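One structure is given here, and the rest of the page talks about it.
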Amino acid sequence: MLPELGTFLRFQAQRHLQAALRRPGDIVGPLIFFLMVVTLFPLGLGPDPAVLAALSPGILWVVALLSSLVVSGRLFQSDYEDGTLEQLALSPHPLALSAMVEVFCHWLLSGMSLALVSPVFAGLLNMPTQAMPVLMSSLALGTLCLSLIGAVAASLTVALRRGGVLLSLLSIPLTVPVLIFGTAAVREAALGYDPTSWLALLGALAAGGCVLAPFAIAAGLRISLEA
Amino acid sequence: MWSIVHKMGSPPWFYRFANRAIAWLLPIVLLALVVGSIWGLLIAPPDYRQGNSYRIIFIHVPAAVVALAGYYVMATAGLMSLVWKIKMADTAMRALAPVGAALTFIALVTGSIWGKPTWGAWWVWDARITSMLILFFLYLGVMALSEAFDNKAAAAKACAVLSLVGTVNIPIIYKSVDWWYSLHQPASIKFTGESAIDTSMLYPLLLMILAFYGLFALSVLLRMRTELLLTYRQSAWLNAEVS
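Sequence lines, in order, name chains P and H. Number 320 marks the last residue of the first sequence (the working numbering); no jumps. Number 1013 marks the last residue of the second sequence (the working numbering); no jumps.
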């Protein structure tokens, strides 16, 4: 007996969150990666606080983008390997929605956790305090867009043995607007201007992505299941 | 009207069509390229400010225009292959991506060579240049994805989805890069607007753009025919056709 759509999606969300929380290393790992790469910048650029503060919006956003790409390679992977994905594709409930549940859980644990701890890294780079709330909100919205883009690329590459590099190759060109709007919001806030319009653009990207990406993700997953 | 779509799906019909089209296109494209190059490079007057160095426009602009249009042609082929499952649309997509990437590369290299004498730098992070570079990455992504699958049908479908996602994103990318550019640096470098171009330079430029469209169609058809020869090398119709 198949549960109703709402119950079905709640079960899916529960399953993903439980599986992820049982392996906390997978959540903490990307954050440590983020911290380590941020550490490399003062070592490479020199410790001058003014230089680091000026570059910090760009540095933090680029590193967030990279670590989001690294983790989106895991999307759909375990479900593909153990055959769950095939069952989801066969089920009468839309594959687009069950895939979106996974993307959303993934974003909650990777993107949101990154946004929550980002002020610590911003402090390391001497970013002005007034920009930190904007950094957090821009990362929260932006990583949702990045997770959606990463999910489209992951759905196309999940069946391939060497999907990792390919996934970055496919995603990076598509992430350009997210990076531009995100860094612009933080930079404006750091200079004391109003960043609302840039955050609104990021929100528009996230909303549009939530509407359109599920179809591409479902199509990509079906192709990967046939390949 | 639908009969042509059904015919397009048939490799033997397409093979004969490609043979005829190539036979027609080849002399026309060669003639247009030769006439356009001589007209643009030798006969058109030199620019009063840039002298003769502007003449690279007759290669640069046609390559850029066709490279951009090529992505939409590729996405259309992708849509046809996804919706109507037309076999030749798959072949067309695989043939289109490298040609489009090559044209984008030509546009980037000629732009860079043109930039050295006029702007004093090989590379400037201008909005249009950056957009072209991202277009080049999009083409490379499609090529890499089609290489990665062993199953050709799956590769074509995956590339179709990717190119459609790219098509939705291209306007957003262009607009965002535009805003990024105006945010970073005020317009210090301005192209002479295209409407301000004199007819003595415009006509050879238009001829070269048409010639490049023809060249694009010709290279795609040649690549598609080669792929047909490779795929159907053991089938009876092809052997009858060739011998």
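Built from N, CA and C at the ideal position, the CB exists for glycine as well. Computed from a predicted model, the values in this text were never measured in an experiment.
Can you tell me whether residue i is helix, strand or coil according to DSSP?
| i | result |
| --- | --- |
| residue 141 of chain P | coil |
| residue 1002 of chain H | coil |
| residue 119 of chain P | helix |
| residue 204 of chain P | helix |
| residue 817 of chain H | strand |
| residue 1013 of chain H | coil |
| residue 180 of chain P | helix |
| residue 968 of chain H | coil |
| residue 125 of chain P | helix |
| residue 286 of chain P | coil |
| residue 224 of chain P | helix |
| residue 280 of chain P | helix |
| residue 167 of chain P | coil |
| residue 252 of chain P | coil |
| residue 939 of chain H | helix |
| residue 892 of chain H | coil |
| residue 218 of chain P | coil |
| residue 186 of chain P | coil |
| residue 985 of chain H | helix |
| residue 963 of chain H | Residue placement at residue 963 of chain H is poorly supported in this model, since its pLDDT is 47, which falls under 50; the coordinates still yield a value, given next. Of the three classes helix, strand and coil, the one that applies to residue 963 of chain H here is coil, per DSSP. |
| residue 136 of chain P | helix |
| residue 232 of chain P | helix |
| residue 95 of chain P | coil |
Quick check on the burial criterion: 16 or more other C-beta atoms within 10 angstroms. Buried or exposed for residue i?
| i | result |
| --- | --- |
| residue 258 of chain P | exposed |
| residue 957 of chain H | Note on residue 957 of chain H: pLDDT 43, under 50, position unreliable in the model; no value is reported. |
| residue 961 of chain H | Residue confidence is low: residue 961 of chain H scores 49 on pLDDT, short of 50, so the model does not pin down where it sits. Its coordinate-derived value is still stated next. Classification for residue 961 of chain H: exposed. |
| residue 892 of chain H | exposed |
| residue 776 of chain H | exposed |
| residue 256 of chain P | buried |
| residue 964 of chain H | Any reading at residue 964 of chain H needs caution, since the residue's pLDDT is 47, under 50, leaving its predicted position unreliable; the model's value is listed next. Looking at its Cβ environment, which holds fewer than 16 other Cβ atoms inside 10 Å, residue 964 of chain H is exposed. |
| residue 879 of chain H | exposed |
| residue 1004 of chain H | exposed |
| residue 137 of chain P | exposed |
| residue 248 of chain P | buried |
| residue 939 of chain H | buried |
| residue 236 of chain P | buried |
| residue 895 of chain H | exposed |
| residue 933 of chain H | buried |
| residue 104 of chain P | exposed |
| residue 959 of chain H | With a pLDDT of only 44 at residue 959 of chain H, under 50, the local geometry of the prediction cannot be trusted, and the value read off the model is given with reservation. Residue 959 of chain H comes out exposed. |
| residue 115 of chain P | exposed |
| residue 96 of chain P | exposed |
| residue 280 of chain P | buried |
| residue 150 of chain P | buried |
| residue 950 of chain H | buried |
| residue 172 of chain P | buried |
| residue 268 of chain P | buried |
| residue 911 of chain H | buried |
Thinking just about the alpha-carbon of each residue, which of the options is nearest to the one in residue i?
| i | options | result |
| --- | --- | --- |
| residue 809 of chain H | H:997, H:780, H:879, H:973 | H:973 |
| residue 314 of chain P | P:275, P:250, P:289 | P:250 |
| residue 790 of chain H | H:995, H:905, H:949 | H:995 |
| residue 203 of chain P | P:173, P:225, P:234 | P:234 |
| residue 226 of chain P | P:127, P:170, P:213 | P:213 |
| residue 928 of chain H | H:801, H:904, H:845, H:1006 | H:845 |
| residue 869 of chain H | H:822, H:840, H:924 | H:840 |
| residue 153 of chain P | P:130, P:136, P:319, P:100 | P:130 |
| residue 191 of chain P | P:306, P:127, P:221 | P:306 |
| residue 990 of chain H | H:836, H:820, H:915, H:849 | H:836 |
| residue 141 of chain P | P:171, P:218, P:200 | P:218 |
| residue 291 of chain P | P:170, P:242, P:232, P:158 | P:232 |
| residue 922 of chain H | H:948, H:859, H:882, H:908 | H:859 |
| residue 276 of chain P | P:166, P:211, P:177, P:228 | P:228 |
| residue 262 of chain P | P:242, P:271, P:273, P:252 | P:242 |
| residue 133 of chain P | P:155, P:319, P:264 | P:155 |
| residue 947 of chain H | H:979, H:918, H:899, H:976 | H:899 |
| residue 102 of chain P | P:288, P:168, P:186 | P:186 |
| residue 107 of chain P | P:265, P:199, P:267 | P:199 |
| residue 160 of chain P | P:224, P:175, P:144, P:125 | P:125 |
In the DSSP assignment, find the unbroken alpha helix (DSSP H) run with residue i in it and report its ends.
| i | result |
| --- | --- |
| residue 793 of chain H | 781–808 |
| residue 291 of chain P | 289–319 |
| residue 913 of chain H | 897–918 |
| residue 260 of chain P | 256–264 |
| residue 172 of chain P | 170–174 |
| residue 831 of chain H | 827–853 |
| residue 874 of chain H | 857–889 |
| residue 99 of chain P | 98–114 |
So, under 8 angstroms CB-CB, residue i and residue j are touching, yes? Tell me the CB distance rounded to an integer number of Å.
| i | j | result |
| --- | --- | --- |
| residue 793 of chain H | residue 997 of chain H | Incorrect: roughly 19 angstroms between the Cβ atoms, too far for contact. |
| residue 863 of chain H | residue 914 of chain H | Wrong, their Cβ atoms sit about 14 angstroms apart, outside the cutoff. |
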